[in-house]
Structure formats: structure tokens, C-alpha cells
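Student: Residue numbers (this note's numbering): 7 to 203. All residues carry an ideal CB built from backbone N, CA and C; glycine is no exception.
(1) Determine whether the beta carbon atoms of residue 50 and residue 40 lie at a separation below 8 Å.
(2) Taking a contact to mean a Cβ-Cβ separation below 8 Å, would you say residue 24 touches residue 94 in this structure?
(3) Keeping to the same chain, check which residues put their C-beta closer than 6 Å to that of residue 151; ignore five residues upstream and five downstream.
(4) Please report how far the alpha carbon of residue 179 lies from the alpha carbon of residue 108, in whole angstroms.
(5) With DSSP run on the structure shown, which of helix, strand or coil describes residue 36?
(6) Taking all protein chains shown into account, do 16 or more other C-beta atoms lie within 10 angstroms of the C-beta of residue 27, making it buried, or fewer, making it exposed?
(7) Go ahead and pull the three-state DSSP assignment for residue 155.
(8) Within this structure, are the beta carbons of residue 118 and residue 38 separated by less than 8 Å?
(9) Thinking C-alpha only, which one of 135, 92, 104 and 11 is nearest residue 80?
(10) Helix or strand or just coil, what does DSSP make of residue 66?
(11) Can you give me the C-alpha to C-alpha distance between residue 36 and residue 19, rounded to a whole angstrom?
(12) In whole angstroms, what is the alpha-carbon distance linking residue 192 and residue 183?
(13) Mapping DSSP to helix, strand and coil, what is residue 92?
(14) Could you check whether residue 14 and residue 111 sit closer than 8 Å to each other, using their CB atoms as the reference points?
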């Protein structure tokens, strides 16, 4: 579940990038940095993951196998996907279809890798680590994503309808897929849902 989930997560991000209609906040940041440093998007995702993991140290968060897998595999699969799928010019209907497919797969992939229960991703761990210091997850997540979104946009990252779609769709999709895959793995979904809130 973990490996399939992380692979699909990277593939889904590559599809959203190729749609060219706006990215999720962290990916706006990744794209902006990749353009400034002339590095592949996947390379920036991997590098950012390990920088974020350094921020776990003062928060006393502990990475799991899934954390390290997330830090490496998502970026690798983004680059593979973008190497296989060319940029789409014109044909708005095709770009919208690619965006919808990417966001849908992303929600499924989130359920798979979180449902595997082998450690949160670097960015999620940063959020939960800060929240555990007495802040609401909603406020922490909103603050972090606002910072990376604004920074990424300033660096040249793509904001658009895809950014809004991701923001509004990924939560409800993951809310359905995470408990389903937790139960599939034979674990109790109730505990995980309490942790997520």
C-alpha cells in the first residue's frame, strides 16, 4: 500500500503539473524553486522534503519508513511522469481532464500511503509537530500553505483553478479514502481519524 500510494502520489502531481492550470500550494513552491535553480521538479521535491525533515528535529517528531519513502519516491515519480507525458498546448478540455484525473488519483494515493500507517510525509509531520505545541491543525496547515503558496508564486510557480480545485477537493476525497484503506490494512480507522483531526 505504501509503495503504490507514494508512486501514485508522484504520478498524480506530475499530471497536475502537465495540466498547466495551477498547482497545490507546496507544488507552487517546488515549481518556483525549480525554475529559479534550473533543477527538475522532482529534484526540488526531494531536496525540500529533507530540508523539512530537519525542521522535525526541534519538534521531536520521529520519521517512519513511510516518511523516508515519501521524501524520495514522490519526487522520483513526478520526474518520471513528466518525462513520459509531454506538455499539453491548447485543448482546454484535455488539460481539465488531466487536472481532474491528477487530483482524483492524488486523493486515492493519499488514502493508500496514510492508510498504510508507516509514517507521515515530511510536510504533514511538520504540520502535526507544530500543532502538537498547542495550535489547531487547521490554523497551522493554513499558515504553512499560505507561506509556501505566496513564496512559490513570487518565485514563478503556477497558481490557477487547479490550486483552488486541489484545496477544496483533496480533503473530502482523502476523508473517504484514508479510513477505507486503514480498514483494508486490518487496522482500526477510528484511531487514525482522531489523530488526523
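Tutor: If we stick to the structure as given:
(1) Yes; because the gap between Cβ atoms is below 8 Å, this pair is in contact.
(2) Yes, the pair counts as a contact, with Cβ atoms nearer than the cut-off.
(3) For residue 151, where only same-chain residues beyond five positions count, the Cβ hits under 6 Å are 31.
(4) Rounded to whole angstroms, residue 179 to residue 108 spans 12 Å at the Cα level.
(5) In the structure shown, residue 36 sits in a helix (DSSP, three-state: H, G or I).
(6) By the beta-carbon neighbour count (other beta carbons within 10 angstroms, threshold 16), residue 27 is buried.
(7) Judged by DSSP in its simplified three-state form, residue 155 adopts helix.
(8) Going by beta carbons, residue 118 and residue 38 fall outside the 8 Å limit.
(9) With distances taken between CA atoms, residue 80 lies nearest to 11 out of 135, 92, 104 and 11.
(10) For residue 66, the three-state secondary structure derived from DSSP is coil.
(11) Rounded to whole angstroms, residue 36 and residue 19 show a C-alpha spacing of 11 Å.
(12) If you take the alpha carbons of residue 192 and residue 183, they lie about 14 Å apart.
(13) Coil, per DSSP.
(14) Taking 8 Å as the Cβ cut-off, residue 111 and residue 14 qualify as a contacting pair.
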